[in-house]
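Asker: Sequential numbering from 57 applies to the sequence shown in this note's numbering. Note that the Cβ used here is the ideal one computed from N, Cα and C, for glycine as well. Note that the structure is a prediction, hence the values are computed from the model and not measured.
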Amino acid sequence: MKRLMYPGSFDPVTNGHLDVIRRASRIADEVLVAVARNSEKSPLFTTDERIDLIRAVTASIPNVRAVTFTGLLADAVSAFEVSAVIRGLRAVSDFEYEFQMALMNRELNPACETLFMMPSPEYSFLSSRLIREIASCGGSISAFVPPEVVAAIRGKMERTVHD
Ligand code: ADP
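#1: Pick from 204, 159, 215 and 154: whose alpha carbon is nearest that of residue 174?
#2: Inspect the CB distances between the region 85–93 and the region 195–214 and report whether three or more fall short of 8 Å.
#3: Cα separation between residue 118 and residue 85?
#4: Kindly identify the DSSP beta-bridge partner or partners of residue 61.
#5: Could you name the residues of the same chain whose beta carbon sits closer than 8 Å to that of residue 176, not counting the 5 residues immediately before and after it, in chain order?
#6: Looking at residue 127 and ligand 2, is the gap between the Cβ and the nearest heavy atom below 7 Å?
#7: Got a sec: does ligand 1 put a non-hydrogen atom nearer than 7 Å to the Cβ of residue 76?
#8: For residue 134 versus residue 94, is the C-beta distance shorter than 8 Å?
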């Protein structure tokens with residue numbers, strides 16, 4: 057059984073993440089989309105909300121499962137018995153950090169292999185941070201994230217305005 061783990065913050069999940077998830081789901085028996093707990097100081101969505109959104113937008117891909125992990129990714133790899141970690145590479149700018157992290161993870165756990173996947177070019181400029189910034193300034197994000205995420209962000213913004 058080839059199980060891959062795609063870890064990240066996913067705050068929120070974007071069409072770029074979804075592109076990588078779909079690609080990974082075609083080469084693996086199972087893909088675990090793993091939300092890192094407490095990785096950001098003030099996230100827009102709670103871990104549970106991020107998990108719910110990932111579940112909603114991957115509902116049509118049967119071999120995808122959303123999970124959370126705390127602590128080191130290198131340890132989560134053994135705990136979830138995954139064959140490899142998937143990371144997305146958007147541009148050369150991602151490479152240095154990802155390269156460093158992949159080697160460090162293998163240093164920490166020799167069984168922790170990392171595979172890189174490139175999204176379709178139309179997603180290569182997308183990041184969760186940009187989505188949050190555009191949304192907080194009232195811009196349209198519907199071309200960049202699934203409709204479930206648009207609705208969830210709208211809900212957050214309305215609550216913030218009314219609080
Ligand atoms: P981080 O783990 O740095 O918080 P994210 O949660 O945003 O990053 O993303 C998790 C993984 O998905 C990372 O490997 C990141 O490079 C990748 N990724 C993010 N956005 C995209 C995108 N638009 N296309 C492809 N990969 C992406």
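Answerer: Reading from the atomic positions:
#1: Residue numbering aside, residue 174 sits at position 118 when the sequence shown is read from its first letter. Closest by alpha carbon: 154.
#2: Between the region 85–93 and the region 195–214 there are fewer than three C-beta pairs closer than 8 Å, too few to call the two in contact.
#3: Along the sequence shown, read from residue 1 onward, the residue named residue 118 stands at position 62. Along the sequence shown, read from residue 1 onward, the residue named residue 85 stands at position 29. Whole-angstrom Cα-Cα distance: 10 Å.
#4: As a position in the sequence shown, residue 61 is number 5, starting the count at 1. Listed as beta-bridge partners of residue 61 by DSSP are 88 and 141.
#5: For the purposes of this step, residue 176 is identified with residue 120 of the sequence shown, where counting begins at 1. Taking C-beta separations shorter than 8 Å and ignoring five residues to either side along the sequence, the partners of residue 176 in its chain run 75, following chain order.
#6: No copy of ligand 2 appears in this structure; the ligands present are ligand 1.
#7: As a first step, residue 76 is located in the sequence shown; it is residue number 20 there, counting from the start. If you check the C-beta of residue 76 against ligand 1, you find a heavy atom less than 7 Å away.
#8: Within the sequence shown, residue 134 is the residue found at index 78, counting from 1. Within the sequence shown, residue 94 is the residue found at index 38, counting from 1. Against a cut-off of 8 Å, the Cβ pair of residue 94 and residue 134 comes out as no contact.
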